[in-house]
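Here this note's numbering is used: the sequence shown runs in plain steps of one and ends on residue 258. Below: one structure, written as structure tokens.
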Amino acid sequence: MAHEHDRFHPPTSDDPYWTETCWFTFAVPERRLSGQLYPFFRPNQGITSGGAFFWDDSSGDLHSCRYARNFWHLPLSPEADLADLELPNGIRYKCLEDLQRYEIHYADPDDPEDLTVDLVFEGICPPNLLGGGHLDQPGRYTGTIVLDGETIPVDAYGFRDRSWGVRSQFGNTISGAKHGGYSYATASDQDAFHAITMGFEGDTLLPIHGYLLRDGEYSTLVPGKGAREVTERNREGIPCLLYTSDAADDRYKVWWW
Numbered sequence: 002m003a004h005e006h007d008r009f010h011p012p013t014s015d016d017p018y019w020t021e022t023c024w025f026t027f028a029v030p031e032r033r034l035s036g037q038l039y040p041f042f043r044p045n046q047g048i049t050s051g052g053a054f055f056w057d058d059s060s061g062d063l064h065s066c067r068y069a070r071n072f073w074h075l076p077l078s079p080e081a082d083l084a085d086l087e088l089p090n091g092i093r094y095k096c097l098e099d100l101q102r103y104e105i106h107y108a109d110p111d112d113p114e115d116l117t118v119d120l121v122f123e124g125i126c127p128p129n130l131l132g133g134g135h136l137d138q139p140g141r142y143t144g145t146i147v148l149d150g151e152t153i154p155v156d157a158y159g160f161r162d163r164s165w166g167v168r169s170q171f172g173n174t175i176s177g178a179k180h181g182g183y184s185y186a187t188a189s190d191q192d193a194f195h196a197i198t199m200g201f202e203g204d205t206l207l208p209i210h211g212y213l214l215r216d217g218e219y220s221t222l223v224p225g226k227g228a229r230e231v232t233e234r235n236r237e238g239i240p241c242l243l244y245t246s247d248a249a250d251d252r253y254k255v256w257w258w
């Protein structure tokens with residue numbers, strides 16, 4: 002039996018908006034290429050959706066990126082097991098080691114030459130849990146993808162997350178925050194960070210959850226310590242961000258564009 006966080010969690014109510022997610026994102030840095038698989042499960046409705054998306058530096062828009070397909074209202078069997086799952090849109094997941102190693106696959110159901118993904122994810126540190134309904138984990142991806150008929154090897158660091166609980170499509174469902182941020186980077190098996198930040202008043206976003214892996218030493222962020230700021234934007238209006246985290250004898254800063 003797989004770990005409970007590698008399987009579907011039993012819904013705690015009959016709310017139709019009880020939701021589970023299982024997101025994997027990966028990259029080919031030398032090609033300036035990134036991709037993600039993002040299925041979205043609603044077991045009380047017996048349905049799921051599933052998306053596959055790929056970007057490079059030619060476009061950041063869904064209508065013009067390298068690949069974007071999202072499938073809605075796919076049937077979800079009551080017997081479906083997230084630890085060994087196959088969806089009608091071509092996504093397949095298999096847990097190889099609890100909370101640590103996973104096979105992830107995708108094949109475009111109309112033309113596998115458009116996109117096929119065959120990767121293994123291996124975590125570089127334990128998952129970081131947020132309350133009783135969310136986790137995040139950095140890791141290394143190895144394998145291949147086929148994009149527009151070209152086979153591309155993958156050996157790079159990336160990320161995954163999971164969430165489970167009621168997620169409505171209406172109203173403000175992010176803990177009452179006016180706006181928020183989800184920031185992460187993984188440079189190696191020794192250096193990575195992640196921060197979920199939320200703004201309740203003004204323009205400052207404070208971290209509520211995250212971790213810092215520096216020189217192989219792992220620590221979780223202290224909620225409310227540090228800040229995420231949009232310091233400038235590029236010509237397309239995309240933020241150039243600064244994240245700072247205060248500690249007793251240190252100040253950690255990350256910029257990214």
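Even glycine gets a Cβ: it sits at the ideal position worked out from N, Cα and C. Since the structure is predicted, the reported quantities are computational estimates derived from the model, not experimental observations.
CB contact flag (residue i, residue j, <7 Å)
i	j	result
Val118	Glu104	no
Asp7	Cys126	no
Gly47	Leu77	yes
Gly172	Met199	no
Gly150	Gly124	no
Thr193	Pro208	Per the sequence presented here, residue 193 reads as Ala, with Thr not at that position. Taking 7 Å as the Cβ cut-off, Ala193 and Pro208 do not qualify as a contacting pair.
His10	Leu100	no
His38	Phe25	The identity of residue 38 in the sequence shown is Leu, whereas the question assumes His. Going by C-beta atoms, Leu38 is nearer than 7 Å to Phe25.
Thr20	Arg234	no
Buried or exposed by the 16-neighbour rule on C-beta atoms within 10 Å, applied to residue i
i	result
Asn90	buried
Gly132	exposed
Pro138	In the sequence as displayed, the identity of residue 138 is Gln instead of Pro. By the 10 Å Cβ count, Gln138 comes out buried.
His210	buried
Ala108	buried
Ala188	exposed
Asp250	Because Asp250 carries a pLDDT of 41, less than 50, the predicted location of this residue cannot be relied on, and the following value inherits that uncertainty. Flag for Asp250 reads exposed.
Pro79	exposed
Residues near residue i by beta carbon distance below 8 Å, same chain, minus five either side
i	result
Ile153	Val29, Arg32, Leu34, Thr145, Ile146 and Val147
Ser50	Pro40, Phe41, Asn71, Phe72, Trp73, His74 and Leu75
Pro17	Arg43, Asn45 and Gln46
Glu114	Val147, Asp149 and Gly150
Three-state secondary structure assigned by DSSP to residue i
i	result
Glu114	coil
Pro30	helix
Asp7	helix
Met2	coil
Arg236	coil
Leu77	coil
Val155	strand
Inter-residue CB distance, residue i and residue j (contact presumed, cutoff 8 Å)
i	j	result
Arg67	Asp57	6 Å
Gly159	Tyr183	That belief does not hold up - the Cβ atoms of Gly159 and Tyr183 are roughly 14 Å apart, past 8 Å.
Own chain, CB closer than 6 Å to residue i, minus 5 neighbours either side, in chain order
i	result
Leu86	Tyr94
Gly166	Gly134
Asp162	Trp24 and Asp137
Gly52	Tyr39 and Asn71
Same chain, Cβ closer than 7 Å to residue i, neighbours up to 5 away in sequence not counted
i	result
Val155	Phe27, Val29, Leu120, Tyr142, Thr143, Gly144, Thr145 and Ile146
Leu130	Leu136
Asp15	Asn45
Ala248	With a pLDDT of 47 at Ala248, under the threshold of 50, the modelled position of that residue is not reliable, and the figure given next carries that caveat. Contacts found: none.
Beta carbon proximity, residue i to chain B, threshold 7 Å
i	result
Cys66	The structure shown contains no chain B; it is built from a single protein chain.
beta-carbon residue i near the ligand MG non-hydrogen atom, thresh 6 Å
i	result
His106	Absence of the ligand MG from the depicted structure is noted, as is the absence of any ligand whatsoever, leaving it without description.
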